[in-house]
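Engineer: Can you read through this structure? Questions will come right after.
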Amino acid sequence: MDREEFAQAVERYGDMVFRVAYSCLKRREDAEDVMQETLLKLYREDKSFDSEDHRRFWLIRVAVNECRKVMRWYRRVVPLDELPEAAAFDRPEQSELFRAVMDLPAKYRLAIYLYYYEGYSVREVGELTRTRESTVQTRLARAREMLKQKLQEV
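In the numbering used here, the protein residues as written are 510 to 663.
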């Protein structure tokens with residue numbers, strides 16, 4: 510991959526990789542590290558991709574694996590009031606939903622993010638997270654229920 514092609518890939522996919530990592534790790538610094546490591550792997554990767562969708566899928570898969578490496582090293586919980594992005598929404602209900610999603614356990618949070626925000630199907634989320642479709646469906650259903658209960662409390 511030459512520098513120009515890499516620069517285009519960073520421009521096109523950098524934010525997406527960061528959002529995937531942030532939804533897993535809930536820490537800006539760790540998400541930035543995962544984004545950099547993922548993009549470095551893309552630069553060093555000596556294979557051609559069948560399509561842009563294939564490259565996008567590969568990047569998300571690598572980002573999820575890098576997040577798992579970070580989570581193995583330490584399991585640190587960041588208080589939600591340390592998340593400045595929660596205050597950046599136009600409407601209060603958007604901030605409440607963000608806080609509720611970020612409060613979910615990682616496996617539910619990642620499934621919600623990939624399904625609703627990145628637009629992947631249940632099958633694709635299963636492939637990305639290396640889980641069965643039925644597991645993804647269960648995680649989505651449980652996450653929806655948790656969000657419903659949490660948002661009704663608010």
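All residues carry an ideal CB built from backbone N, CA and C; glycine is no exception.
Can you tell me whether DSSP reads Ser604 as helix, strand or coil?
Structural biologist: The residue given as residue 604 occupies position 95 in the sequence shown. Correct three-state label for Ser604: helix.
Engineer: Give me the residue from Arg632, Lys659, Met611, Ala650 with the minimum Cα distance to Cys533.
Structural biologist: Counting from 1 along the sequence shown, the entry for residue 533 is found at position 24. Taking only the C-alpha atoms, the option nearest Cys533 is Met611.
Engineer: Looking at the structure shown, is Thr640 part of a helix, part of a strand, or coil, going by DSSP?
Structural biologist: As a position in the sequence shown, residue 640 is number 131, starting the count at 1. Of the three classes helix, strand and coil, the one that applies to Thr640 here is coil, per DSSP.
Engineer: Are the beta-carbon atoms of Ala530 and Ala518 separated by less than 8 Å?
Structural biologist: Mapped onto the sequence shown, residue 530 falls at position 21. Mapped onto the sequence shown, residue 518 falls at position 9. No; because the gap between Cβ atoms is not below 8 Å, this pair is not in contact.
Engineer: Can you tell me whether DSSP reads Met510 as helix, strand or coil?
Structural biologist: On the sequence shown, position 1 is the one that residue 510 refers to. In this structure, Met510 counts as coil in the three-state DSSP scheme.
Engineer: Hey, Gly523 and Met544: beta-carbon distance below 8 Å or not?
Structural biologist: Numbered from its first residue, the sequence shown carries residue 523 at position 14. Numbered from its first residue, the sequence shown carries residue 544 at position 35. Contact: yes.
Engineer: When burial is assigned at 16 or more other CB atoms within 10 Å of the CB, is Gly635 buried or exposed?
Structural biologist: Start at 1 with the first residue of the sequence shown, and residue 635 comes out as number 126. The residue is buried, with at least 16 neighbouring Cβ atoms inside 10 Å.
Engineer: Does any residue of chain D have a CB that is nearer than 8 Å to the CB of Leu606?
Structural biologist: You won't find chain D in this structure, because it holds only one protein chain.
Engineer: Which residues mark the beginning and the end of the alpha helix (DSSP H) in which Glu546 is found?
Structural biologist: Looking up residue 546 in the sequence shown gives position 37. Element bounds for Glu546: 537-553.
Engineer: Measure the beta-carbon distance from Val526 to Leu548 and round it to whole angstroms, keeping in mind my assumption that it falls under 8 Å.
Structural biologist: Indexing the sequence shown from 1 puts residue 526 at position 17. Indexing the sequence shown from 1 puts residue 548 at position 39. The pair is a contact, with the Cβ atoms about 7 Å apart (cut-off 8 Å).
Engineer: Restricting to Cα atoms, I'd like to know which of Leu660, Asp542, Arg537 is closest to Glu605.
Structural biologist: What you label residue 605 is simply residue 96 of the sequence shown in a count that begins at 1. Ranking the options by Cα distance to Glu605, first place goes to Leu660.
Engineer: So, for Leu592: in the same chain, excluding its five sequence neighbours on each side, which residues have a beta-carbon less than 6 Å away from its beta-carbon?
Structural biologist: Your numbering for residue 592 matches position 83 in the sequence shown. With a pLDDT of 48 at Leu592, under the threshold of 50, the modelled position of this residue cannot be trusted; read the value that follows with caution. Closer than 6 Å at the Cβ level, and outside the excluded window around Leu592, lies no residue.
Engineer: Going along the chain, which residues of its own chain have a beta-carbon closer than 8 Å to the beta-carbon of Lys657, five neighbours each way excluded?
Structural biologist: The sequence position of residue 657 within the sequence shown is 148, counting from 1. None.
Engineer: In or out: Arg556 buried (at least 16 other Cβ within 10 Å) or exposed?
Structural biologist: On the sequence shown, position 47 is the one that residue 556 refers to. Per the sequence shown, the amino acid found at residue 556 is Lys instead of Arg. With fewer than 16 other Cβ atoms within 10 Å, it is exposed.
Engineer: For a quick check, are the C-beta atoms of Leu649 and Tyr629 less than 8 Å apart?
Structural biologist: Translated into the one-based positions of the sequence shown, residue 649 becomes position 140. Translated into the one-based positions of the sequence shown, residue 629 becomes position 120. Cβ distance not < 8 Å, so Leu649 and Tyr629 don't count as in contact.
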